[in-house]
Amino acid sequence: MRLSDVAKMLGGSLDGDPSADIRGLAAIEDAGPSELTFLANPKYRKFLDTTGAAAVLVPEGADAATLRRKGGPALLRVADPYRAFLLLADEFYPPAPEPAPGIHPSAVVAGTAVLGKDCSIGAHAVIGDGCILGDRVSISPGSVIDSAVRIGSDTRIMENVVVKSSTRIGERVTLHPGCVIGGDGFGFTPKSDGSHEKVPQRGIVVIGDDAEVGSNCTIDRAMIGETRIGRGVKLDNLIQIGHNVVIGDHTVIVAQTGVAGSTRIGEQCMIAGQVGIVGHLRIADRVKIGAQAGVSRSLGETGGTYSSSPAKEHRRAMRIEGGIRQLPEMITELRALREEVDRLRGSREGTSTPSGEKDPS
Amino acid sequence: MRLSDVAKMLGGSLDGDPSADIRGLAAIEDAGPSELTFLANPKYRKFLDTTGAAAVLVPEGADAATLRRKGGPALLRVADPYRAFLLLADEFYPPAPEPAPGIHPSAVVAGTAVLGKDCSIGAHAVIGDGCILGDRVSISPGSVIDSAVRIGSDTRIMENVVVKSSTRIGERVTLHPGCVIGGDGFGFTPKSDGSHEKVPQRGIVVIGDDAEVGSNCTIDRAMIGETRIGRGVKLDNLIQIGHNVVIGDHTVIVAQTGVAGSTRIGEQCMIAGQVGIVGHLRIADRVKIGAQAGVSRSLGETGGTYSSSPAKEHRRAMRIEGGIRQLPEMITELRALREEVDRLRGSREGTSTPSGEKDPS
Amino acid sequence: MRLSDVAKMLGGSLDGDPSADIRGLAAIEDAGPSELTFLANPKYRKFLDTTGAAAVLVPEGADAATLRRKGGPALLRVADPYRAFLLLADEFYPPAPEPAPGIHPSAVVAGTAVLGKDCSIGAHAVIGDGCILGDRVSISPGSVIDSAVRIGSDTRIMENVVVKSSTRIGERVTLHPGCVIGGDGFGFTPKSDGSHEKVPQRGIVVIGDDAEVGSNCTIDRAMIGETRIGRGVKLDNLIQIGHNVVIGDHTVIVAQTGVAGSTRIGEQCMIAGQVGIVGHLRIADRVKIGAQAGVSRSLGETGGTYSSSPAKEHRRAMRIEGGIRQLPEMITELRALREEVDRLRGSREGTSTPSGEKDPS
C-alpha cells in the first residue's frame, strides 16, 4: 500500500515520500524499512531518532520533538495515532473469519439442548443435556459443555474448553482454549486416620457479560452458592480461581495468579502476574497489586497499591526493599559501631573513673 | 421446605418459627432470609449476631453464646451441625447424576482394551491398545487414555484429560478436567554446541487409591521407574509434579505448587499454594509448608512447619518478617547511632586526651 | 538379562558375578538387588558404598574410589557410563511405538489442508483450512490445528493440544499434551467508564526447529508481528509466554515460569521454575535465573547469574539473604547499642562538660 493511500485512508497530513511502499505494521522499536509504526505515548519519543520504520503516525499537534529529521521516517499526522494504527491493523492483518454458523456433523449435541440463531458448533464439540445457548454462540472444536449450562448471545468458546454442569455464562464472553470452568472446588475435611473426606461441591460458576478468560485457566464451582466473575473481567492465562470467589466488574488479572476460596475482589482492580491471594479476604475496589505479591490479609483501602510477599502498602514495600538491598552494608556498619562503642566504653571507663580502678594502664 | 420438616428430617430441636420457608443453603456470612446455614466452628460465632439467615444449625449442647436473640434466625439444635448441613446439601443440591454406563458411539475404544462392568465412556473419548479398566470406571467426553493404562474400579476421569501410556491409576480416583498424567519428564543434557539432547523418559506414573488430581495439573512420567502419587493424596488445580517425584499417602497440596524431579514428600503433609520445591529433596511426614514458600533443602523434621522463600522454620520466618518490616526504621536508627558515636568519639578525643594534641581547640 | 550379556553388549569389562540376573535399571540411590545403575557424576561416588544395585556402570579409568568392595555391587567398566545406561534403557524400556502413519477415520481434516508423506493423524484430531504439514508429522488424538498452520517434518503434536491460526512450527518439534499455542495476547485499553477495550491480537507464533513445549503451557500470539520461540528451546510444563516475546535459541525454562509481553530473552539462557519476568525487558545470552526470581529490569550482562525477587546479581542476593537471616539478631544488637550509646552519652555529659552547664546534677 502506498503511503499516500494510507494518508488518504486515515485523513492525515503527510510529511515525507508519498510513494513509499508500506507492507506491514510494527512496534516503534522493531519496525523495518517497509513498515509503519505509531507514536502515541510521549515516553517512546526517543525511538523517533532510531526507528527503522518507513513512516510513523504522530499526533496532529506535533511539537518540535516530533519534527521530521533528515533521512528519518516519514511522519503522518493524525488525530489519534493509536486509533489510526488499529484501523490499519484491520487493513493489513484482517481478523480470522468467524466460524460459519452450523453444527459440524461430528459434534454431539443433546436432544434437550436449545440453540439460538446462527450458532456455530465445531468438530467433536459436545453440548450436554439441557444446555441453553443464545444467538450466534460459537463453540470451537473439542470443547465439552456439560449439562444445564446457559450461554449468552455472541459468546465464543475456544478449542478444548471444558464447562461443567449448571455454569451460567453471559453475553459476548470469550473463553480461551483449554480453560476449565466449574471443576470441583478444593474442599476436604481431615479424618482421624489422616485421610480426608471430600466436601461436596454443589454450587456453580457465573461469568458476567463481556468477560474474557485466558487459556488453561481454572475456575472452580462454589461449594454451595456461586463463584462469580463480574462483567468485563479480564483474566490472562493459567489463572486459578477458587470456589466461592467473587471478582468485581472490570477487574483485570495477569497470568498465573491464584485466588483462594471465598475471597471477594472489588471492581476495577488491577492484579499483576503470579500473585497469590489467600482465602476469605476482602479486596476493595480499584486496588492495584504488584507482580508476585502474596496477599494474606484483607486490603480495605479503595484504590490502594500493594506489593511484595507478604503484601504491604507499595511505597512502604519499596522503602523496605531499599533497606533489604542495604543489608550487607548495614551488617558491616553494625559491626563497626559495636567495635567503636566497645572502644568508647573502654576509654570512658578509663577516663571517667576517677579512681582508675578499672583501668590498669 | 418448611423449617419444621427440616427439623424432622435431621431429628433436631427447633427454637424459632416452624413455618419458615427454607429454599437453600449458604455460608453464615452470605445467607439470606430464605436460607439456612450452620455454625460448627466457634470462631464464626460472631456471625450469629449479623447473619441474615432464616435458620442456623447449632450444636446440641449450645451455651449462652448460641442462645436465640430476638428477631434473629431460628436455631436448630443437632448433634453435628456440619454433618446435618451436608445432608441438607444432598437434599437442596442433589449431586449431578453419574454418567450412564455404556460406550458413546463416537468414542474410539481399541479392540485390545479390556473394560470392567458398567463402565461409562463419553463422547469422543479415546481408549488405547491394551488398556485395562476396572468396574464402573467413567471416562468423560474428550479424554484420551493412551496405550497400556490400568485404571481401578470406580475411578472417574473428567473431560479432556490426557493419560499417557502405561500409567497405573488406583480405585476411586478422580482426575479433574484437563489434567495431563504421564507426559515426558523434563530432562536434557547440554551438548558442546549449546544445544541439548533429550534424556529418554521411559518410566511411568502410579496414582494410589482415592487420590484426586485437580484441573489442568501436570504429572510427569519417571525417567526410569515411577513417579508416585500416594493413596488419598489431594492435588488442587494447576500443580506441576516432576519426574520421579514421590508423594506420600494423604498429603494435600494447594493450587499452582510445583515439585521438581526426584523429590520425595512424606505422608499427611499440608503444602499451601504457589509453593516451589526443588529437586532431589526429602520432606518428612506431616510437614506443613506455607503459601509461596521456596523449599531449597530437605525438611527432615516430622510435623515441622516452614514458610518464606527460601523456606525457613515458620516461627523463625515470622521473626525475620517482623525484622524486615522494621528495616526503614532500623536504617534511621543506625544513622542516628553513627552520628552519636561520631560525636561521642569526637568529644572523647577532646576530653580524654591529656596532652590535647589531637584537640586543636 | 545375565550381567555377562550386558557386559558383552556394551563391550565393557566386568568385575563381579557374570551370572547375576539384571531385570531393570534405576538411579543409584534407588536401585535394588536385580537392578543395574551407573556412576557418571563423581559427586555420587558416596552411593557406591550404600547402593543396593546388583551392578554399577563405572568409567574405564576407575580410580581407587571405584574399586569393588566385598559384597558390594558388580562393577562394569565402560568408556561412557551414561551413554551405556541410555543404551540399556532402550533395551529394558523400549520407547513407545510411534503412531502408525494414516488418518484415523474419526479425524476431521479440511480438504484444503496439505499433508506430507507418512503423517499420522489421531482419533478426533482436527486439521483446519490451509494447514501445511511436512513429512512424518504426527498429530495425536484430540488435538485441534486451526487454519493456515504450518508444521515442519518429523514434528510431534501430543494429545489435546490447541494450535491457533497461522502458527508456524519448525521440524522435529514436540508439543506436549494440553498446551495452547497462539491464543490471544493479553491486551486491553482502559475506557473512561472503567471497562476495557480489547486490543486486537493479529500476529502469530513461530516455533523453531527441535524446540519442545511442555504440557499445558500457553504461548500467546503477537499483537502484530511474531511471538518467537527459538531453535532448540526447551520449555517445561505450565509455562506462560506473553505476546511478542522472543526466546533465543537453546534457552531452557523450567516449569510454571511466566514471561510477560515483548520481553526478549537471549540464547542458551537457563531459567529456573516459577520465575516471573515482566514485559519489555532484554535478557542477555547465557543468563541464569534462579527459581522464583522476579525479574523487573533488563539483565544485560552475558552469562550473568541472578536470583531473588526482585532479582539481583546472585552473589549479592546470597549476601542479602544472609543478612535477612540475621535480622532478629541485628535488631537485638541495635537495641543493645542504643542503650549503651545512651549510657555513654549520659556519662560523657557527666564527665566531659567542664562547666557542668548541661548537667543539672
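Protein chains in written order, with my numbering: chain A, 1 to 361; chain B, 362 to 722; chain C, 723 to 1083.
Here a beta-carbon is modelled for each residue, glycine too, at the ideal position from N, C-alpha and C.
Since the model is a prediction, treat every value here as computed from it, not as a measurement.
Restricting to Cα atoms, I'd like to know which of C:ALA982, C:GLU1023, C:ALA1006 and C:ALA994 is closest to C:GLY988. Taking the first residue of the third sequence as 1, we reach residue 988 of chain C at position 266. Per the Cα distances, C:ALA1006.
I want to verify the contact list: residues of chain A whose CB lies under 8 Å from the CB of B:HIS675, in sequence order. For the purposes of this step, residue 675 of chain B is identified with residue 314 of the second sequence, where counting begins at 1. Within chain A, no residue comes near B:HIS675; the closest Cβ sits about 13 Å away, beyond 8 Å.
Members of the stretch 234 to 265 of chain A that neighbour chain C once the beta carbon cut-off is set at 8 Å: LYS234, ASP236, ASN237, LEU238, ASP249, HIS250, VAL252, VAL254, ALA255 and GLN256
In this structure, does DSSP put C:TYR1028 in helix, strand or coil? On the third sequence, residue 1028 of chain C is found 306 positions in, with the first residue counted as 1. Three-state DSSP puts C:TYR1028 in a strand.
Please report the Cβ distance between C:ALA811 and C:LEU747, rounded to the nearest whole angstrom; I am assuming they are in contact, meaning their Cβ atoms lie under 8 Å. For this step, residue 811 of chain C is matched to residue 89 along the third sequence. For this step, residue 747 of chain C is matched to residue 25 along the third sequence. With 8 Å as the limit, C:ALA811 and C:LEU747 qualify as a contact, their Cβ atoms being about 6 Å apart.
Buried/exposed call for A:ARG286, threshold 16 Cβ in 10 Å: Counting from one through the first sequence, the residue named residue 286 of chain A turns up at place 286. A:ARG286 should be labelled buried.
On the criterion of 16 or more Cβ atoms from any shown chain inside 10 Å, does B:VAL475 qualify as buried, or is it exposed? Here residue 475 of chain B is taken as the residue at index 114 of the second sequence, counted from 1. Exposed, by the Cβ-count rule.
Name, please, each residue of chain C whose Cβ falls closer than 8 Å to the Cβ of A:ILE289. Numbered from its first residue, the first sequence carries residue 289 of chain A at position 289. Going along chain C, no residue has its Cβ under 8 Å from A:ILE289, so there is no contact; the nearest lies around 13 Å.
Inside the stretch 311 to 345 of chain A only - alpha helix (DSSP H) runs reaching at least 4 residues: 314 to 325
Work out the CA separation of C:LEU960 and B:GLN687 for me, nearest whole Å. Along the second sequence, one-based indexing puts residue 687 of chain B at 326. Along the third sequence, one-based indexing puts residue 960 of chain C at 238. Each residue's alpha carbon lies about 37 Å from the other.
Taking the beta strand (DSSP E) that A:SER13 belongs to, which residues open and close that run? Residue mapping note: residue 13 of chain A aligns to position 13 of the first sequence, counting from 1. Residues 13 to 15.
Tell me whether the beta-carbon of C:ILE951 lies closer than 8 Å to the beta-carbon of C:ILE969. Numbered from its first residue, the third sequence carries residue 951 of chain C at position 229. Numbered from its first residue, the third sequence carries residue 969 of chain C at position 247. Yes, they are a contact pair.
For a test of the three-state rule: what should DSSP assign to B:MET370, helix, strand or coil? Looking up residue 370 of chain B in the second sequence gives position 9. If DSSP states are grouped into helix, strand and coil, B:MET370 belongs with the helices.
Can you give the beta carbon distance from B:GLY489 to B:ILE512, rounded, assuming they're within the 8 Å contact cut? As a position in the second sequence, residue 489 of chain B is number 128, starting the count at 1. As a position in the second sequence, residue 512 of chain B is number 151, starting the count at 1. Going by Cβ atoms, the distance from B:GLY489 to B:ILE512 rounds to 12 Å, so no, they are not a contact pair.
Tell me, please, whether the stretch 609 to 617 of chain B touches the stretch 200 to 212 of chain A by the rule of three or more beta-carbon pairs shorter than 8 Å. no
Could you tell me the distance, in whole angstroms, from the CA atom of B:GLY491 to the CA atom of B:ALA471? If you number the second sequence from 1, residue 491 of chain B lands on position 130. If you number the second sequence from 1, residue 471 of chain B lands on position 110. Distance between the alpha carbons of B:GLY491 and B:ALA471: 8 Å.
Are the CB atoms of C:ILE1046 and B:ILE685 nearer to each other than 8 Å? Here the question's residue 1046 of chain C lines up with position 324 in the third sequence. Here the question's residue 685 of chain B lines up with position 324 in the second sequence. Closer than 8 Å, so yes.
Leaving aside the five residues before and after B:GLU718 along the sequence, list all residues of the same chain whose C-beta is less than 7 Å from its C-beta, in chain order. Within the second sequence, residue 718 of chain B is the residue found at index 357, counting from 1. Bear in mind that the predicted position of B:GLU718 carries a pLDDT of just 42, short of 50, making it unreliable; the figure below should be weighed with that in mind. Excluding sequence neighbours, B:GLU718 sits near nothing in its chain.
For A:GLU29 and A:ALA40, the rounded distance between their alpha carbons: Sequence index remark: in the first sequence, residue 40 of chain A carries index 40 (1-based). Sequence index remark: in the first sequence, residue 29 of chain A carries index 29 (1-based). Approximately 13 Å between the Cα atoms of the pair.
Would you say B:GLU532 faces chain A, with C-beta separation under 8 Å as the test? Within the second sequence, the letter at position 171 stands for residue 532 of chain B. No, no contact with chain A.
Should B:ALA313 be labelled buried (16 or more other beta-carbon atoms within 10 Å of its own) or exposed? Because chain B is modelled from 362 through 722, residue 313 of chain B falls outside the range shown and cannot be assessed.
Can you round the beta-carbon distance between A:SER16 and A:LEU75 to whole angstroms, since I take them to be within the 8 Å contact cut? Working through the first sequence from its first residue, we reach residue 16 of chain A at position 16. Working through the first sequence from its first residue, we reach residue 75 of chain A at position 75. Inspection of the sequence shows that residue 16 of chain A is occupied by Gly rather than by Ser. That pair is a contact at about 6 Å.
Listed in chain order, which residues of the stretch 911 to 940 of chain C have Cβ atoms closer than 7 Å to some Cβ of chain A? GLY916, SER917, HIS918, PRO922, ARG924, ASN938 and THR940
CB contact check: C:MET731 to chain A, cutoff 8 Å: The residue given as residue 731 of chain C occupies position 9 in the third sequence. Chain A, which has no Cβ nearer than 8 Å to the Cβ of C:MET731, makes this no.
Apart from the five residues just before and just after A:PRO360, which ones in its own chain have a Cβ nearer than 8 Å to its Cβ? Counted from its first residue, the first sequence places residue 360 of chain A at position 360. Unreliable positioning characterises A:PRO360 in this predicted model, as indicated by a pLDDT of 41, which lies under 50. A coordinate reading is not provided.
Buried or exposed for A:SER19, please, with buried defined as at least 16 other CB atoms from any protein chain shown within 10 angstroms of its CB. On the first sequence, residue 19 of chain A is found 19 positions in, with the first residue counted as 1. A:SER19 should be labelled exposed.
What does DSSP give as the partner residues of B:GLN601 in its beta bridges? By 1-based counting over the second sequence, the position of residue 601 of chain B is 240. DSSP output for B:GLN601 lists B:THR579 and B:GLY619 as bridge partner(s).
Give me the chain A residues within the contact set of C:GLN1048, using Cβ-Cβ distance strictly less than 7 Å, ordered along the chain. Counting from one through the third sequence, the residue named residue 1048 of chain C turns up at place 326. Going along chain A in sequence order, the residues near C:GLN1048 (Cβ under 7 Å) are ILE331.
According to DSSP, residues forming a beta bridge with B:VAL498: By 1-based counting over the second sequence, the position of residue 498 of chain B is 137. Paired residues: none, contrary to the question.
C:SER1108: contacting residues in chain A (beta-carbon distance under 7 Å): There is simply no residue 1108 of chain C to check, as chain C begins at 723 and stops at 1083 in what is shown.
Between the alpha carbons of A:LEU344 and C:GLY1068, how many angstroms are there, rounded? The residue labelled residue 344 of chain A in the question sits at position 344 within the first sequence. The residue labelled residue 1068 of chain C in the question sits at position 346 within the third sequence. Each residue's Cα considered, the two are about 13 Å apart.
In whole angstroms, give me the CA-to-CA distance for C:GLU1051 and C:THR985. Here residue 1051 of chain C is taken as the residue at index 329 of the third sequence, counted from 1. Here residue 985 of chain C is taken as the residue at index 263 of the third sequence, counted from 1. Rounded to the nearest angstrom, the two C-alpha atoms are 41 Å apart.
B:PHE408 and C:GLY936 closer than 8 Å at C-beta: Taking the first residue of the second sequence as 1, we reach residue 408 of chain B at position 47. Taking the first residue of the third sequence as 1, we reach residue 936 of chain C at position 214. Against a cut-off of 8 Å, the Cβ pair of C:GLY936 and B:PHE408 comes out as no contact.
Bridge-paired residues (DSSP) for B:VAL541: Translated into positions along the second sequence, residue 541 of chain B becomes position 180. BP columns for B:VAL541 point to B:VAL523 and B:THR579.
Say whether chain C places a C-beta atom closer than 8 Å to the C-beta of B:ARG680. Taking the second sequence and counting its residues from 1, one reaches residue 680 of chain B at position 319. Cβ-Cβ to chain C under 8 Å: yes for B:ARG680.
Pick helix, strand or coil for B:ASP382, following the three-state DSSP scheme. Locating residue 382 of chain B in the second sequence gives position 21, where the first residue counts as 1. Strand at B:ASP382.
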